[in-house]
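K.L.:
Chains as they are written, first to last, in my numbering: chain A, 87 to 430; chain B, 57 to 308.
Pasting a structure here, questions to come.
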């Protein structure tokens, strides 16, 4: 073991010499680049440690997490986020008990009503208006609710687009094409500004739910296309086999087509939900105080004026961490599915 | 003897005037095994797929298990037939996202509304009949072709069908895997299952079948018992086809 290690280290050094220091010109280039990179690293490190004033981050941590949620009620969103974290850890490295694995999906879906209950209150908790929601909590809520709603809607659109009824097929194609031809920010403006005008007098939908609605409209068009790709890659012999067993059209869709299409589309669906998570930051422009919105409002505080870099570096880190967790979870799900590998 | 399938003058043409089926008439009685032979493109697959409604036809009459179907292709009647007729395909067509046992219990539970436990018990019994019960928890891609085909037979049997259709069940298998599938089919025939089998396996046709039906370009050329068909075929076209098959097998 040890011997092999020494040999391979020598091998690596020889290779390094050959690629980077083979002649005078290459040596100079290599040294210059090393100098440049180390200077950049040193400056960044010096800025992070000595120049940056992290007070703008440290003293506002509850704001980033919960927005303007009343301080003595902040345990509620905190509970929700911690539940999500624990569930992630359990999914990734929990024991392989069968009952646990079977109920994990239910637990994940169950976190959504739990989160909404904890945020809204009622039934024993003091009610809190949605304009007090904010920060990371709101960002996660927007992402989770929109992606969960757009999945069934997207599946429905994909099935309609495959339909043999020309009217339904045309309508869903037009919907998908229009949604894909409009920038997301326009759909979000539509959700915030136009929906209140269309609704009959007296009915009012919360700003947060209007945002969820707009995101769902937009994302479901993309999800529909991903699922359609999955549906089209299922050979027709699968449908014939199911038909020959007496399954009717709806049973074929439910038990044969959708499960297989979802498996095939899973990597694309992961992309959509990570993209959705990042796109929720657009709501900062439209006045929701989600993660980016909190950052902007903190920067508007005279006490912290001008400390853009600190705030945005910190926000980038938070987005990066959450996206990484999502990606790791999705990869885990994909791996579990390839254990039960499909044979196409 | 009760007839299970009665076909009268089935005709199906494709757009270019090509006839896939040309006035095909046949009767299969209960407990009998009919082998359908013929060169590729002769319409044998099309014929057997009309019996459970996977293919439509333009003219003629079809009576399967007392249910009459005509060229209007009534969906409700077709569904009734499919619940009582099993089919085995050339490419197995197992559902890749379901385990072997789930492949078998899906239709009994969803179509016949049987209880899950009951369906699983019967499914395990069928798998052990086919000699693949040790694979019940695996997924189709983990099995060899021969094993997959035997699972497919068990899946077709799960609805307790009164007629089994085989569409070239051994054509996609390695030579050494063919025997295990043919043996399973032989046992079914011995148990009195009514079967219609499209195949090129002469040995199977000689030993198991009660009638051999020879087709070419959509027409029935000859229907004879196997001992006559293979030793002394009436028709020139059948003899030529058998000669070619013989050459092929003596070469390999």
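Yeah, the Cβ is synthetic: ideal placement off N, Cα and C, and Gly gets one too.
These numbers were taken from a predicted model, which means no experiment stands behind them.
Under 8 Å between C-beta atoms, does residue 337 of chain A make it to chain C?
P.N.:
Absent from the structure is chain C; the protein chains it does hold are A and B.
K.L.:
Interface residues of chain A around residue 80 of chain B at Cβ under 9 Å?
P.N.:
Residue mapping note: residue 80 of chain B aligns to position 24 of the second chain, counting from 1. Under the 9 Å cutoff, chain A gives no residues; its nearest Cβ is about 20 Å from residue 80 of chain B.
K.L.:
Residue 163 of chain B touches chain A at which residues, Cβ-Cβ below 7 Å?
P.N.:
Against the second chain, residue 163 of chain B aligns to sequence position 107. Neighbours of residue 163 of chain B on chain A, chain order: 331, 332, 333.
K.L.:
Distance check for residue 239 of chain B and residue 267 of chain B, CA to CA, integer angstroms please.
P.N.:
The count along the second chain starts at 1 and reaches residue 267 of chain B at position 211. The count along the second chain starts at 1 and reaches residue 239 of chain B at position 183. Residue 267 of chain B and residue 239 of chain B: Cα-Cα distance of roughly 19 Å.
K.L.:
Compute the beta-carbon to beta-carbon distance between residue 292 of chain B and residue 285 of chain B, rounded to the nearest angstrom, for a pair I have assumed lies under 8 Å.
P.N.:
In the second chain, counting from the first residue as 1, residue 292 of chain B sits at position 236. In the second chain, counting from the first residue as 1, residue 285 of chain B sits at position 229. Contact doesn't hold; Cβ gap of about 13 Å is too wide.
K.L.:
Return the residue from the list B:235, B:151, B:251 that minimises the CA-CA distance to residue 331 of chain A.
P.N.:
By one-based count along the first chain, residue 331 of chain A stands at place 245. Among B:235, B:151, B:251, the Cα nearest to that of residue 331 of chain A belongs to B:151.
K.L.:
If you drop the 5 nearest sequence neighbours on each side, which residues of the same chain put their C-beta closer than 6 Å to that of residue 219 of chain B?
P.N.:
Here the question's residue 219 of chain B lines up with position 163 in the second chain. Same-chain partners within the cutoff: 60, 141, 250.
K.L.:
What is the residue span of the beta strand (DSSP E) that residue 220 of chain B lies within?
P.N.:
Within the second chain, residue 220 of chain B is the residue found at index 164, counting from 1. That run of the beta strand (DSSP E) goes 219 to 223.
K.L.:
Is residue 148 of chain B near residue 204 of chain B, with beta carbons less than 8 Å apart?
P.N.:
Here residue 148 of chain B refers to the residue found at position 92 when the second chain is read from its first residue. Here residue 204 of chain B refers to the residue found at position 148 when the second chain is read from its first residue. Against a cut-off of 8 Å, the Cβ pair of residue 204 of chain B and residue 148 of chain B comes out as a contact.
K.L.:
I want to verify the contact list: residues of chain B whose CB lies under 7 Å from the CB of residue 345 of chain A, in sequence order.
P.N.:
Working through the first chain from its first residue, we reach residue 345 of chain A at position 259. Per Cβ cutoff of 7 Å: 153.
K.L.:
Do you know offhand how far residue 273 of chain A's Cα is from residue 362 of chain A's?
P.N.:
The residue you call residue 273 of chain A lines up with position 187 of the first chain. The residue you call residue 362 of chain A lines up with position 276 of the first chain. If you take the alpha carbons of residue 273 of chain A and residue 362 of chain A, they lie about 13 Å apart.
K.L.:
Can you name the residues of chain A whose CB is closer than 9 Å to the CB of residue 167 of chain B?
P.N.:
Residue mapping note: residue 167 of chain B aligns to position 111 of the second chain, counting from 1. Residues of chain A passing the Cβ test: 331, 332, 333, 334, 337.
K.L.:
Let me know the secondary structure DSSP gives residue 302 of chain B once reduced to three states.
P.N.:
What you label residue 302 of chain B is simply residue 246 of the second chain in a count that begins at 1. The answer is helix: DSSP assigns residue 302 of chain B an H, G or I state.
K.L.:
Measuring CA to CA, which of B:302, B:276, B:301, B:303 is closest to residue 290 of chain B?
P.N.:
Here residue 290 of chain B corresponds to residue number 234 of the second chain, with the count starting at 1. That would be B:276, whose Cα lies nearest to the Cα of residue 290 of chain B.
K.L.:
I want to verify the contact list: residues of chain B whose CB lies under 8 Å from the CB of residue 324 of chain A, in sequence order.
P.N.:
Your numbering for residue 324 of chain A matches position 238 in the first chain. Result: 149, 151.
K.L.:
Please say whether residue 83 of chain B and residue 62 of chain B have beta carbons closer to each other than 8 Å?
P.N.:
For the purposes of this step, residue 62 of chain B is taken as the residue at position 6 of the second chain. For the purposes of this step, residue 83 of chain B is taken as the residue at position 27 of the second chain. The answer is yes: Cβ separation under 8 Å.
K.L.:
Check whether chain B comes within 8 Å of residue 313 of chain A, counting only Cβ atoms and requiring the distance to be less than that.
P.N.:
Stepping through the first chain from its first residue, residue 313 of chain A is reached at position 227. No, residue 313 of chain A does not count as interfacial toward chain B.
K.L.:
Which term fits residue 179 of chain A, buried or exposed, when burial requires 16 or more other beta carbons within 10 angstroms of its beta carbon?
P.N.:
For the purposes of this step, residue 179 of chain A is taken as residue 93 along the first chain, with counting starting at 1. Exposed, by the Cβ-count rule.
K.L.:
What are the start and end residues of the beta strand (DSSP E) that includes residue 451 of chain A?
P.N.:
Residue 451 of chain A lies beyond the stretch modelled for chain A, which goes from 87 to 430, so this question has no answer here.
K.L.:
With DSSP as the reference, label residue 164 of chain B as helix, strand or coil.
P.N.:
Taking the second chain and counting its residues from 1, one reaches residue 164 of chain B at position 108. Residue state, collapsed to three classes: helix.
K.L.:
By the 9 Å beta-carbon criterion, what residues does the segment 236 to 247 of chain B contribute toward chain A?
P.N.:
Listed by position along the chain: nothing, the set is empty.
K.L.:
Buried or exposed: which applies to residue 236 of chain A, given that a residue is buried once 16 or more other Cβ atoms fall within 10 Å of its Cβ?
P.N.:
Taking the first residue of the first chain as 1, we reach residue 236 of chain A at position 150. Buried, because 16 or more other Cβ atoms sit within 10 Å of the Cβ of residue 236 of chain A.
K.L.:
Starting from residue 146 of chain A, trace the beta strand (DSSP E) both ways and give me its first and last residue.
P.N.:
Residue mapping note: residue 146 of chain A aligns to position 60 of the first chain, counting from 1. Run containing residue 146 of chain A: none; DSSP gives neither H nor E here.
K.L.:
With a cut-off of 8 Å, does the C-beta of residue 241 of chain A fall near any C-beta of chain B?
P.N.:
The residue you call residue 241 of chain A lines up with position 155 of the first chain. False, the Cβ-Cβ gap to chain B never drops below 8 Å.
K.L.:
Mark residue 195 of chain A as exposed unless 16 or more other C-beta atoms lie within 10 angstroms of its C-beta, in which case mark it buried.
P.N.:
Walking along the first chain from the start, residue 195 of chain A turns up at place 109. The residue is exposed, with fewer than 16 neighbouring Cβ atoms inside 10 Å.
K.L.:
In chain B, what lies closer than 7 Å to residue 327 of chain A by C-beta?
P.N.:
If you number the first chain from 1, residue 327 of chain A lands on position 241. Within 7 Å Cβ-Cβ: 145, 149.
K.L.:
Please report whether the beta-carbon of residue 110 of chain B lies at a distance below 8 Å from any beta-carbon of chain A.
P.N.:
Residue 110 of chain B sits at position 54 when you count from the first residue of the second chain. Residue 110 of chain B counts as touching chain A.
K.L.:
Please confirm if residue 349 of chain A has its CB atom under 8 Å from at least one CB of chain B.
P.N.:
Taking the first residue of the first chain as position 1, residue 349 of chain A is located at position 263. Yes, because at least one Cβ of chain B sits closer than 8 Å to the Cβ of residue 349 of chain A.
K.L.:
Look up residue 139 of chain B in the DSSP assignment and say whether it is helix, strand or coil.
P.N.:
Counting from one through the second chain, the residue named residue 139 of chain B turns up at place 83. Three-state result, residue 139 of chain B: coil.
K.L.:
Give the straight-line distance between the Cα atoms of residue 172 of chain B and residue 161 of chain B, rounded to the nearest whole angstrom.
P.N.:
Sequence index remark: in the second chain, residue 172 of chain B carries index 116 (1-based). Sequence index remark: in the second chain, residue 161 of chain B carries index 105 (1-based). Whole-angstrom Cα-Cα distance: 7 Å.
K.L.:
Chain B beta carbons: is any one of them nearer than 8 Å to that of residue 131 of chain A?
P.N.:
Your numbering for residue 131 of chain A matches position 45 in the first chain. No, because no Cβ of chain B sits closer than 8 Å to the Cβ of residue 131 of chain A.
K.L.:
List, from N- to C-terminal side, the alpha helix (DSSP H) runs of 4 residues or more that fit wholly inside the segment 169 to 223 of chain A.
P.N.:
Within the segment 169 to 223 of chain A, the complete alpha helix (DSSP H) runs of at least 4 residues are 184 to 206.
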